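For reference, the structure is listed below as structure tokens.
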Amino acid sequence: MSYETILYEVDDRVAHITLNQPEKRNALNWQMLSELSDALKKAEIDKSARVIVIKGAGACFCSGHNVAEMGEAPKHIDERKWSEIAMSGEGDDLGLSVWDSRAQVQGHIEIPLEIWNNWKPVIAQVHAHCLGGGSGIALACDLLIASEDARIGYPPARSMAPGEEISMFAWHVGIKKAKELALTGDSLTAPEMLDYGIANYVFPMGDLDKETQTIARRIANVESELLMLSKTSMNRIFDHQGFSQTVRNAGEYVSLAHYRKAIAKFNKTIKEKGIKTALEERDKPFGGIDGRYPPVDK
């Protein structure tokens, strides 16, 4: 597969996958998810790579799902369009719309689980915004290295759906804090990411590339099959407690949320005023996209 939305290269036993749509703040669409999935599989069987690093080009790691481009079910899951019924929250053909809504959700749930189940260690190199669907990618990685200006959260909870990402937060920050994030759409700062154990390290932006590469190469000193066994044994601890199944189950709640009037209103605003205005109106009562309690300096 040739890549148009990501970059892939291997350097000194480290495979680098870069989300490469900086003009869209690396917002996820079906093409990018498909290419990311392919690159993860490619790196998994690439004997020259022992570690995988996922990062974002431009101003941020990932701003979330591109809702303007994800109104159809992914073709590899369902050939039919995700119906207008699911988008509007109206209509009587619930059988079809539930099917299509579930297919759409299942399409983007798979990527975090592919990262989680990849036989090679995957490191998220996160700078600035890591929001919405981007947070799911980062949380699924085995290590997370962040810049000092990093923010991770799920703002779509303010208007759209709880998201499988929220279920992943619960495993990292505990149920009380995860509920706060789910109920407000607020985000965590880099120091908080470090305190909660989401981030392994936080570095100044100017040092992020170098330090992430140093950590990746340190891991790559270990033989590939030993890395696989170590990662798998750690994952099994969480999977025996229900991690993977919890992520999958969260998709059911996302599908149900598609029928709420709040989502219909949000999608109507997107169509009539554009995505920028829709997001501004959504986030205004919360103090903007980075609004949170207690407030912190940017």
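The sequence shown begins at 4 in our numbering and counts up one residue at a time.
Backbone N, C-alpha and C fix where the C-beta goes; we use that ideal spot for every residue, glycine too.
Quick caveat, the model's predicted, so the values are computed rather than measured.
Rounding to the nearest angstrom, what Cα-Cα distance links residue i and residue j in this structure?
| i | j | result |
| --- | --- | --- |
| Met4 | Gln34 | 11 Å |
| Arg151 | Thr192 | Checking the displayed sequence, the identity of residue 151 turns out to be Glu instead of Arg. So the two alpha carbons sit approximately 8 Å from each other. |
| Pro288 | Arg221 | 45 Å |
| Ala173 | Glu167 | 10 Å |
| Pro158 | Val108 | 17 Å |
| Ile169 | Val225 | 33 Å |
| His175 | Asn270 | 31 Å |
| Arg239 | Gly291 | 39 Å |
| Ile9 | Asp15 | 20 Å |
| Lys302 | Ile155 | As displayed, the chain neither begins before 4 nor continues past 301, which places residue 302 out of reach and without an answer. |
| Asp198 | Ile178 | 16 Å |
| Ala260 | Lys50 | 43 Å |
| Ile140 | Thr280 | 26 Å |
| Val70 | Gly294 | 21 Å |
| Ile80 | His111 | Bear in mind that the predicted position of Ile80 carries a pLDDT of just 40, short of 50, making it unreliable; the figure below should be weighed with that in mind. Cα to Cα, Ile80 sits roughly 11 Å from His111. |
| Gln248 | Ala267 | 29 Å |
| Glu284 | Lys234 | 42 Å |
| Asp242 | Leu36 | 24 Å |
Look at residue i and residue j and say whether their C-beta atoms are less than 7 Å apart.
| i | j | result |
| --- | --- | --- |
| Glu117 | Leu43 | yes |
| Val54 | Gln128 | no |
| Ala52 | Ala60 | no |
| Leu147 | Ile201 | yes |
| Asn121 | Cys65 | no |
| Ala149 | Ala62 | no |
| Val17 | Ala143 | no |
| Glu195 | Phe206 | no |
| Tyr256 | Pro115 | no |
| Ser258 | Arg105 | yes |
| Gly188 | Leu134 | no |
| Glu26 | His19 | no |
| Asn32 | Glu72 | yes |
In the DSSP assignment, find the beta strand (DSSP E) that holds residue i and state where it starts and stops.
| i | result |
| --- | --- |
| Ser150 | Leu146 to Ser150 |
| Ala18 | Val17 to Leu22 |
| Arg220 | Not the beta strand (DSSP E): Arg220 falls in the alpha helix (DSSP H), residues Met208 to Ala223. |
| Arg295 | Arg295 -> no beta strand (DSSP E), and no H or E assigned at all. |
| Ser138 | Counting along the chain, Ser138 falls outside any beta strand (DSSP E), though it belongs to the alpha helix (DSSP H) covering Gly136 to Ala143. |
| Ala265 | Not the beta strand (DSSP E): Ala265 falls in the alpha helix (DSSP H), residues Lys264 to Lys276. |
| Ser190 | Ser190 to Thr192 |
By the DSSP assignment, the alpha helix (DSSP H) with residue i in it spans what residues?
| i | result |
| --- | --- |
| Val257 | Phe246 to Ala260 |
| Asp242 | Ser227 to His243 |
| Glu168 | Gly166 to Val176 |
| Glu12 | Looking at the DSSP string, Glu12 is not in any alpha helix (DSSP H); the run it does join, the beta strand (DSSP E), is Ile9 to Asp14. |
| Gly302 | Only positions 4 to 301 of the chain appear in this structure, which leaves residue 302 out of reach. |
| Ala127 | Where Ala127 is concerned, there is no enclosing alpha helix (DSSP H), although the beta strand (DSSP E) it sits in stretches over Val125 to Val129. |
| Ala202 | Where Ala202 is concerned, there is no enclosing alpha helix (DSSP H), given that its DSSP letter is neither H nor E. |
Does the distance between the C-beta of residue i and the nearest non-hydrogen atom of the ligand MG fall short of 6 Å?
| i | result |
| --- | --- |
| Ser51 | Absence of the ligand MG from the depicted structure is noted, as is the absence of any ligand whatsoever, leaving it without description. |
Measure how close the beta-carbons of residue i and residue j come, nearest whole angstrom, since I'm counting them as under 8 Å.
| i | j | result |
| --- | --- | --- |
| Lys123 | Met231 | 7 Å |
| Met171 | Val250 | 6 Å |
- Task: Any chance you could list the alpha helix (DSSP H) runs of at least 4 consecutive residues sitting entirely within the region 24-81, in chain order?
- Result: Qualifying alpha helix (DSSP H) stretches, in chain order: 33-48.
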